[in-house]
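Line by line, the protein sequences are chains B and D. Under my numbering, think of the first position of the first sequence as 1, with each following residue one higher. Under my numbering, think of the first position of the second sequence as 232, with each following residue one higher.
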Amino acid sequence: MRTLNPAMKFVTLLCVTFVLAFRYNPVLNLAVFALCMAALLISRVKPKTLGLLMLPILLAAVGMFFTGYRFSADASMPVAAADFLVSNSQVWNGVAQASRVLAYAGVGFLFTLTTDRILMVKSFEKQFHLPQVWAYGLLAAWGVFPQAVQEYKRTRAAFRARGLSVFPVSPALMKPLLVKSVRWSEELAIAMESKGFSGEEKRTEYMEVRVHARDWLFLIFCVALVCVFSI
Amino acid sequence: MSIRIEHLKFTYFEDRKDILCDLSAEFDAGEITILTGSSGCGKSTLLYLAAGIYPHSAGIRRSGTVSVEGVRPDSLTPSKRCHLVGMMFQNPELQFCMDTVEHELLFCLENLCTPREKMMTQVEEALAFCEISHLKKRTLHSLSGGERQKVMLACMTLLSPKWLLLDEPFANIDDASARMIAGKLKELNRTKGIGILAVDHRLENWLGIADQVRVMENGVLRPEVMDVSTLDGALLKELGVIVPGEAYEPELPAAKPGEVVLKLRHLAVKHENNPIFTDVNADFRSGCIYAIVGESGCGKSSLFGALSGLYSYGGQALLENRELRKLRKKELGKVGFVTQNPQDQFVSDTVREEILVGLKGQPDAEAKTEEILRGIKLWRYRDISPYMLSQGQQRRLGVAALMAYPCKALVCDEPTYAQDRNNTAAIMDALCRQAREHGVALIFSTHDRQLAKDYADQILELKGGGLCVR
């Protein structure tokens, strides 16, 4: 998975999610989820990392199960099963809802945990013709992210030290971050320009991100697979 | 081969006075020139104009010209300009757009349209020149300030401009890294003929490197051309420059060591499972001033971060025998901290509220606020946002806001970062007076050894994972 072209991988997984959106089939959802997990483990994603990331997803899935279970198309519902994609069976309906959460999470993790962000942006630039300014602006913003997290902690610590308690997304906390982010963007843009980057002129590429035959095969295989399971 | 400036008038806002007032100068590429002067005298502005960043990014050039090797740098596109002038900035954290050292250097070469097959060899050479080959695969955010500036120097080596402009490149790095970078700059000047023009408040790192020192004052260049070996100490001191070997001469009451207020026992901090320091032990007494020094990356900021609640720590940090991390909300103000950037401390919408927060509940809070603000000459700005103040004013407000609290310990991480001599002395005088008069334990970190020597009762060095008395 890690060697696939990121743009092609993105398109492939987008196609899969598109098919999932129009199918109400727990078997298909669970099959997609199982395949994603297998692909993640084959791609040497640490089981511990995956386990931790899956925790909130499992919670959401359990929640969705009970939502589906409680609101199945029985007599108490003001709608009929024929009107909406809601089953008469409570368990089936619950599993269908929960498995959707798992399938979407699986596809999302498969992309994010097996894709290098630099390669991804370069691939989007090359294959999707993303403007250079956007591509490198995105990378620069990514680079600033750890600092933004640090700044957020620093601002919270400042409030705490002054005996003020604020909730995590309080505007009082966000205001200093907004002021600083404007300054950071200006400084970063100047630093990038001083290294010869203009966003408009021709550049060479050290890592040329190409689309290989395997990327097309992956696309065809995935789309065919979800179509087969859908039937 | 020179930078020529003729009758330059420049302002940041149409309705404000000129920051550069009919300035004319010429700097020769064969010499390493240091431009110095007090904060706000216009030296960084001049550098940004020579780099072609202004007026394109900010400000208005009212009249005059700036030319580098006979070319106006602001008339060139970034890809052409980088062959003419390169720039190293003060803040090493905001100079990179890629994730690793290797990718950042490749980014520079890609901008220069270097053929792919030549790129890696050039990257290796630049890293070897800057003695950072071991950092090639490291992520940039994991590097210390000194290491980042070395990476920036490697970028500049790759870009190989005709002129290299530096805006206080050593403001936040240790002396050893600063000396190493200064030595490399001299090598670039002498062997590759790259002209060097640097702006700096502190001259000690340039001794033996710079050929001449020029001083700016109120937007004009003074006529004196000083040799680093024959610096006019009295003049520089008067103009707010930090002169090597010149003491700060603080006028402080004698220390009256009180009780131990802050006790550190086996304090340890780690980032992403890498231990930063493992066994810090120290006692800090009320009314005493402590300086913490150490090389870049030794963990000074992590130590201050742990004390200010930014990082979790192992071991014990006891404030009046109570664990710091267990202090109740009402007691949190007992440890005040001053950050490198005063903006990190602001919690209110106006200057007045910034002081009032600390006096909440006191009957004469309004009167005391007025007294404090008048004392730091900020009363006229009481209803504006703290972010609208100048950097020096923000720093004064930050320190004054903490003085409104009944602090037991004041933890200051590089409180004089990028300040000129006069501001440095004013900040340290205010902090130290607070420590002496109110019996506060003042702990500050600095790269300026003279500052540590002149203000601290005890100098502690963070080295090898522990803290030792120097």
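All residues carry an ideal CB built from backbone N, CA and C; glycine is no exception. Here the structure is a predicted model, which is why all the values come from computation and not from measurement.
Query, Result
"Unbroken stretches of the alpha helix (DSSP H), 4 residues or longer, contained in the region 108 to 138 of chain B", "117 to 127"
"Partners in chain B for N322/D, counting only beta-carbon separations shorter than 7 Å", "E187"
"Where N512/D falls: helix, strand or coil (DSSP)", "strand"
"Partner residues on chain D for K202/B, Cβ-Cβ distance less than 7 Å", "C344"
"Boundaries of the beta strand (DSSP E) in which A522/D is found, first to last residue", "520 to 524"
"Status (buried if at least 16 other CB within 10 Å, exposed otherwise) for Q665/D", "buried"
"Beta-carbon proximity of E448/D to L470/D, cut-off 8 Å", "yes"
"Inter-residue CB distance, P400/D and V316/D (contact presumed, cutoff 8 Å)", "That pair is no contact at about 15 Å."
"I42/B vs A105/B beta-carbon contact at 8 Å", "no"
"Neighbouring residues, chain D, relative to I205/B (Cβ below 8 Å)", "Note that residue 205/B is Glu in the sequence shown here, rather than Ile. Within chain D, the residues near E205/B are E341, R347."
"Q443/D: first and last residue of the uninterrupted beta strand (DSSP E) it sits in", "443 to 448"
"Minimum Cβ-Cβ distance from F327/D to chain B less than 8 Å", "yes"
"Proximal residues to A31/B (C-beta, below 6 Å), its chain only, five neighbours per side dropped", "F229"
"Closer than 9 Å at the beta carbon, the chain D residues around W216/B", "Within 9 Å Cβ-Cβ: nothing; W216/B doesn't reach chain D, min ~25 Å."
"Chain B contact residues for T308/D, given Cβ-Cβ distances below 7 Å", "S198, E201"
"Own chain partners of Q443/D with C-beta closer than 7 Å, once the 5 adjacent residues on each side are dropped", "E262, T264, V456, M457, D458"
"Whole-Å CB distance - L225/B paired with V11/B, under 8 Å assumed", "Not confirmed; about 15 Å, so no contact."
"Residue nearest to R162/B in terms of C-alpha spacing, selected from P646/D, G540/D, E245/D, Q326/D", "G540/D"
"R44/B burial status per 10 Å Cβ neighbour count (16 or more: buried)", "exposed"
"Per-residue contacts from S288/D into chain B (C-beta, under 9 Å)", "E186, A189, I190, E193"
"Stretch pair the region 675 to 694 of chain D + the region 639 to 655 of chain D: three plus CB contacts closer than 8 Å", "yes"
"P56/B Cβ short of 7 Å to the ligand PLP heavy atom set", "Looking for the ligand PLP in the displayed structure turns up nothing, as the structure carries no ligands at all."
"Candidates A596/D, E585/D, A632/D: closest to F568/D by CA position", "A632/D"
"Runs of beta strand (DSSP E) lying entirely within the region 601 to 648 of chain D, each at least 3 residues, in chain order", "640 to 643"
"Contact list for K153/B against chain D, beta-carbon separation under 7 Å", "L541"
"Short CB-CB distance (under 8 Å) between D575/D and chain B", "yes"
"Length of the line joining the Cα atoms of G589/D and P176/B", "19 Å"
"Spatial distance of M232/D from E378/D (CA atoms)", "31 Å"
"The region 538 to 554 of chain D contacting the region 516 to 526 of chain D, beta-carbon criterion three pairs below 8 Å", "no"
"Backbone CA spacing between R183/B and A38/B [nearest angstrom]", "44 Å"
"CB contact flag (K368/D, T331/D, <8 Å)", "yes"
"Contacts that V578/D makes with chain B (C-beta to C-beta distance below 8 Å)", "A158, F159, R162, L164, A172"
"Residue-level contact to chain D via CB, L52/B, 8 Å cutoff", "no"
"Interface partners of L139/B on chain D, CB under 7 Å", "C328, M329"
"Contact with chain B by A281/D, beta-carbon distance below 8 Å", "no"
"Where the beta strand (DSSP E) containing S676/D begins and where it ends", "672 to 676"
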